[in-house]
Every structure is written in structure tokens, then in C-alpha cells.
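Here's the structure we're looking at; comments come further down.
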Amino acid sequence: MVAVLNKKAPDYENEMETITAASRDGRILVEEIELTREADNCIQAFSRDKLKQLLYDATANRYCNTNLKFLMDGNMSLRLIFFLHGKEFYRVLQTPFSCTIVN
């Protein structure tokens, strides 16, 4: 499953991260993601908050705009755990996760 998810990651995202573990906990999809040196470069060029937003947006794009969208049918949630230099950097739980944009 991890190999499939990594293949679905857009190129710009894949340079910055590698999915190291993926599982399902009931209706929650869980991904553990190791960030690369590109994440350090992003923090230096922009900010930690900008990097967090980029990471979340790229993951949402992977689930909503590829053939992984079927995983989001129903009332699914998404837990993302990002690691930088072997330590937890950012954790987010989007419940329920939705690909629908509401104005």
C-alpha cells in the first residue's frame, strides 16, 4: 500500500516526502510520512507554517484529484503524521475528510 501511495504523490510533493507507513484504524486512514532535506529548504525559504499548509494541500490533492478519490467515499477521516529528522514535526486529523469545496 505504501508503494502505491508514494506513486500517487505529485512530483513536487514526492521530492519533499516519502510515505513510510500507511494503515487504517476503523474509518481513519493513517499515513506516517518522513520529510526530506527539501522540507528544510522550504522552512528556510518560507516558514514552518507555510510548509505545513503545503504538505496538507499536497496530500489532499493526492486523495481528491487521483484515482485514490474512491477511498474518500463515505465518512472517512485522514490522520497525517509528518516526521523531520526522525522527530514528529506535524500531526493533523481531518475528520471527516472531504474533497468537496464549500463556499
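For the sequence shown, this note's numbering assigns the number 7 to the initial residue and increments by one for each residue that follows.
Note that CB positions come from ideal geometry on N, CA and C, so glycine has one too.
Since the model is a prediction, treat every value here as computed from it, not as a measurement.
Tell me the residue span of the alpha helix (DSSP H) that contains residue i.
i	result
residue 54	54-70
residue 48	43-51
Do the CB positions of residue i and residue j come within less than 8 Å of each other?
i	j	result
residue 96	residue 58	yes
residue 88	residue 61	yes
Alpha carbon to alpha carbon, how far is residue i from residue j?
i	j	result
residue 85	residue 63	14 Å
residue 90	residue 80	32 Å
residue 68	residue 74	7 Å
CB-CB under 6 Å to residue i, same chain, minus the five flanking residues each way: which ones, in chain order?
i	result
residue 24	40
Would you kindly report the start and end of the unbroken beta strand (DSSP E) that includes residue i?
i	result
residue 23	23-31
Can you name, in chain order, every residue of its own chain whose Cβ lies under 7 Å from the Cβ of residue i, other than the five neighbours on each side?
i	result
residue 101	83
residue 66	none
residue 44	21, 22
For residue i, which residues of its own chain have a beta-carbon under 8 Å away from its beta-carbon, when the five flanking residues on both sides are left out?
i	result
residue 17	Reliability of the predicted coordinates at residue 17 is poor, the pLDDT of 49 falling under 50, and no value is obtained from them.
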